[in-house]
Amino acid sequence: MTKQVVIATKNKGKAKDFEALFIPLGYKVVTMFEVAPELEIEETGTTFEENAVLKAETLARELGTIVIADDSGLAVDALNGEPGVYSARYAGDHDDEANMVKLLANMEHVDDAQRTARFCCCIAIAGPDFETMTVFGTCEGVIAHEKRGTNGFGYDPIFFVPSLNRMMAELTAEEKGAISHRGNAIRQLKEQLPTFMN
Ligand SMILES: O=P(O)(O)OP(=O)(O)OP(=O)(O)OC[C@H]1O[C@@H](n2cnc3c(O)ncnc32)[C@H](O)[C@@H]1O
Ligand SMILES: [Mg+2]
9 MTKQVVIATK
19 NKGKAKDFEA
29 LFIPLGYKVV
39 TMFEVAPELE
49 IEETGTTFEE
59 NAVLKAETLA
69 RELGTIVIAD
79 DSGLAVDALN
89 GEPGVYSARY
99 AGDHDDEANM
109 VKLLANMEHV
119 DDAQRTARFC
129 CCIAIAGPDF
139 ETMTVFGTCE
149 GVIAHEKRGT
159 NGFGYDPIFF
169 VPSLNRMMAE
179 LTAEEKGAIS
189 HRGNAIRQLK
199 EQLPTFMN
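Per the numbering used here, the very first residue in the sequence shown carries number 9; after that it's consecutive.
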């Protein structure tokens, strides 16, 4: 029987990232589209951790099983850490394209040296018989002046990864997982929960 991991997400790009990380470990990835399509979880927290815990615990309670959730975002130094926890809704509705347009406009007069940023990801794991646990991962980069690349999701086309000399949206899902905030968080989870992710 294939093991499965339930992720409290409705973001298809995020789900693909998780598949690249979990399938090699022998897990099938299941999202809210399959297990709770009607459930809307309002992200009322002010930190990645609060929102990740909220999403994981809400779905775990609903299903009575172990659930993982990811709350993530982009923190841009020249914008004092914005859009941060509001990354998905930066330009209003959840619209990746509009979010990038707004971010590039707000960065128009920022010099190359000041365009540093990082993706942040808090992953929470919740279940019926243990206390919710969280791990945190980051990925350093630079905000480009224009979009490039078609892989990934969200802000990937404007996030330059200096160590690979490519945009995040130019990496395969496997390459992204090896260096991303999400990959780094998952690797920590794996270290701390070897029995869950063996
Ligand atoms: O809450 P769920 O349903 O998981 O999906 P979401 O897209 O709303 O997810 P978040 O609330 O965690 O918001 C994260 C946003 O941050 C951005 N983001 C997070 N991880 C990213 C990544 O790996 N690449 C590009 N953008 C990312 C992107 O705009 C996401 O919509
Ligand atoms: Mg969300």
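Glycine included, every Cβ here is placed at the ideal spot set by N, Cα and C. Predicted model, so just to flag it, every value in this text is computed and none were measured.
Pick from the options that is closest to residue i, judged by C-alpha positions
i      : options                        : result
Glu50  : Val38, Phe138, Thr66           : Thr66
Ala125 : Asp103, Arg156, Asp164, Ala134 : Asp164
Ala86  : Tyr35, Ile131, Asn107, Ile151  : Ile151
Cys128 : Phe30, His117, Gly149          : Gly149
Ser171 : Gly157, Ala186, Asn159, Gly162 : Ala186
Ala68  : Gln200, Phe138, Lys11          : Phe138
Met115 : Thr140, Asp101, Ala83, Lys36   : Ala83
Ile194 : Asp25, Thr17, Val109           : Asp25
Val109 : Phe144, Val118, Glu154         : Glu154
Glu70  : Leu33, Lys11, Ala16, Leu29     : Ala16
Arg156 : Asn19, Phe30, Leu179, Thr39    : Leu179
Ala181 : Ala106, Thr140, Thr158, Thr54  : Thr158
Ile76  : Gly162, Ala121, Lys22          : Lys22
Val143 : Val43, Arg190, Ser95, Lys36    : Arg190
Helix, strand or coil at residue i [DSSP, three-state]
i      : result
Tyr98  : coil
Met108 : helix
Glu154 : coil
Leu172 : coil
Arg126 : strand
Val118 : coil
Asp164 : helix
Ile187 : helix
Ile131 : strand
Leu71  : helix
Glu90  : coil
Asp78  : strand
Outcome for residue i when other beta-carbon atoms lying within 10 angstroms are tallied against a minimum of 16
i      : result
Gly263 : Shown here, the chain extends from 9 to 206; a query on residue 263 therefore has no answer.
Asp79  : buried
Gly145 : buried
Lys184 : buried
Leu197 : buried
Lys11  : exposed
(message) As an exercise, report each continuous alpha helix (DSSP H) stretch of at least 4 residues that is fully enclosed by the stretch 15-65, in chain order.
(response) Every alpha helix (DSSP H) stretch that sits fully inside the stretch 15-65 and reaches 4 residues is listed by chain position as 20-30, 40-43.
(request) Please list, in chain order, all residues with a C-beta atom less than 5 angstroms from at least one heavy atom of ligand 1. (result) Residues with a Cβ closer than 5 angstroms to any heavy atom of ligand 1, in chain order: Thr17, Lys18, Asn19, Asp79, Ser80, Gly81, Ser95, Ala96, Gly162, Tyr163, Asp164.
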